[in-house]
Ligand code: FES
């Protein structure tokens, strides 16, 4: 289960275990698109990207990366312009908070965002969406 969690939160190739490889197989490596480099996203912050026609936000929390929908379902704010702390991304528009593993909104339980599998290979961040 930890390996699936790592998949969602991103991992470095150094930390790949047999368990992780098994978890990765549910998504073929060819399903992942290289999006950016790890150095492009400041610690504690997000950044928005267009990947395969979708707007996604990638966050960096202490060198652990995760990918979610960029559009905040509250009022279409850009989550990628927000911050992350303890796995919670905060929309800069009105402060709604989203769990980056489950996509649940802690501010309004009716709202949810999608989360996307992400891997880090060397300096490259790759996302499946
Ligand atoms: S648009 Fe994100 S909190 Fe309002």
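In our numbering, the protein residues as written are -6 to 122. Note that the Cβ used here is the ideal one computed from N, Cα and C, for glycine as well.
Item	Value
Is the beta carbon of residue 103 closer than 8 Å to that of residue 96?	no
Closest to residue 65 by CA distance: which of 24, 91, 120, 26 is it?	91
Count the other C-beta atoms from every protein chain shown that fall within 10 angstroms of the C-beta of residue 26, then say buried if there are 16 or more, exposed otherwise.	exposed
Ignore the nearest five residues each way along the sequence and tell me which others in residue 119's own chain have a CB closer than 8 Å to its CB.	25, 26, 27, 28, 111, 112, 113
Enumerate in chain order the residues of its own chain whose CB-to-CB distance from residue 78 is below 8 Å, with the five nearest sequence positions on each side excluded.	37, 54
When you compare the CB positions of residue 61 and residue 49, do they come within less than 8 Å of one another, or not?	yes
Tell me whether residue 86, by its Cβ, gets closer than 7 Å to a heavy atom of the ligand FES.	yes
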